[in-house]
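Working notes, structure below.
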Amino acid sequence: MRLVFVGPPGAGKGTQAKVICERWKIPQISTGDMLRAAKAQGRLSAELVEKMALGGLVPDQVVVGLIADRTQADDAKNGFLLDGFPRTVPQADALDEMLAARGSKLDLVIALEVPRALLFERAVLRRTDIRTGQIYHLKYKPPPPDAELEHRADDREEVVRNRVETYEGMTSELLPHYEKKGLLARVDGVGDVDEVTRRVLSSIEGRSGREAGATGATEPAERS
Ligand code: AP5
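Rendered as structure tokens:
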């Protein structure tokens, strides 16, 4: 199964991706996590660090290069979940080309939909445990007392506002692009985490069931 998660900042892409990837035994490939790791290791230029801190997008060729390498790793041979990539139509085209060159293609693009008002609360109160990568929320999923918490630099309210606006500009082209290709599933991201997981799984299983055709197989073990 080759999946893409699209959604505004704080929609729950990372939270849902962790559950889905565990169930389907595929890697979660997050361009945001890869860029933050590059920053932490001092491998990201000052210009890109600033762009991220202000809530803008980094250039297409940077993230396309990251994805081209990462999707060729052994653990991604049987599928992957791209979290936060592609974000622009040129990124989507580059992804199609790289997969086609490997005789492969995307199976499904899930757009997690959450209204603006909820996004701010979700993003601003998010904290991540830097030792485990676990995502917490000060109100909805309080961290344990021994967690080593990080508050992301781009989770300040004014930056979240810029990120939401960037997202809204970008999706006006990206979502119709995937809709035309028949790959888009819109999933309501409002509700508790388990409820949203059930909706996401039902989209994935619906798609994998259709692809399995006559066998009607829908279980993760059938993934390709
Ligand atoms: P990235 O890291 O991809 O950030 P994002 O897309 O803005 O998404 P977030 O990580 O903020 O949110 P999420 O949807 O994963 O939510 P989460 O599950 O954590 O990108 C960061 C930056 O990198 C970009 O701004 C850009 O500069 C750059 N970049 C990355 N990819 C790029 C690309 N392809 N092209 C160009 N630039 C790129 O949940 C949020 C909070 O809500 C958590 O606290 C969680 O516990 C809570 N929560 C989740 N679900 C629920 C629920 N159902 N109910 C209650 N609380 C919930």
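Residue numbers (numbering that gives the first Met the number 0): 0 to 223.
Just so you know, even glycine gets a beta-carbon here, dropped at the ideal spot from N, CA and C.
Asked, Found
"Look up residue 147 in the DSSP assignment and say whether it is helix, strand or coil.", "coil"
"Between residue 161 and residue 54, is the Cβ-Cβ spacing less than 9 Å?", "yes"
"Enumerate, from N- to C-terminal direction, the unbroken beta strand (DSSP E) stretches of 3 or more residues contained entirely within the region 91-172.", "107-112, 125-128, 134-136"
"For residue 0, verify whether its CB is less than 8 Å away from any heavy atom of the ligand AP5.", "no"
"Opposite residue 15 in the DSSP bridges: which residues?", "According to DSSP, residue 15 bridges with nothing at all."
"Give the DSSP bridge partners of residue 2, in chain order.", "80, 107"
"Got a sec? Which residues, its chain only, sit under 6 Å from residue 217 by beta carbon, not counting five neighbours each side?", "Caution applies to residue 217, whose pLDDT of 44 falls short of 50 and renders its modelled position unreliable; the value that the coordinates give is listed next. 204, 207, 208."
"Beta-carbon within less than 7 Å of residue 17's beta-carbon, same chain only, minus the 5 sequence neighbours each way: which residues are those?", "27"
"Can you find a heavy atom of the ligand AP5 that lies under 8 Å from the Cβ of residue 44?", "no"
"Is residue 185 helix, strand or coil when you go by DSSP?", "strand"
"Do residue 157 and residue 129 have their CB atoms nearer than 9 Å?", "no"
"Can you tell me whether residue 135 sits near the ligand AP5, meaning its C-beta is under 8 Å from at least one heavy atom of the ligand?", "yes"
"For a test of your reading of the model: does the CB of residue 195 fall under 8 Å from any non-hydrogen atom of the ligand AP5? Yes or no.", "yes"
"Going by DSSP in three states, residue 216 sits in which element: helix, strand or coil?", "Unreliable placement is indicated for residue 216, whose pLDDT of 41 sits below 50; the coordinate value is still reported in the next sentence. Coil, per DSSP."
"Work out the CA separation of residue 155 and residue 92 for me, nearest whole Å.", "32 Å"
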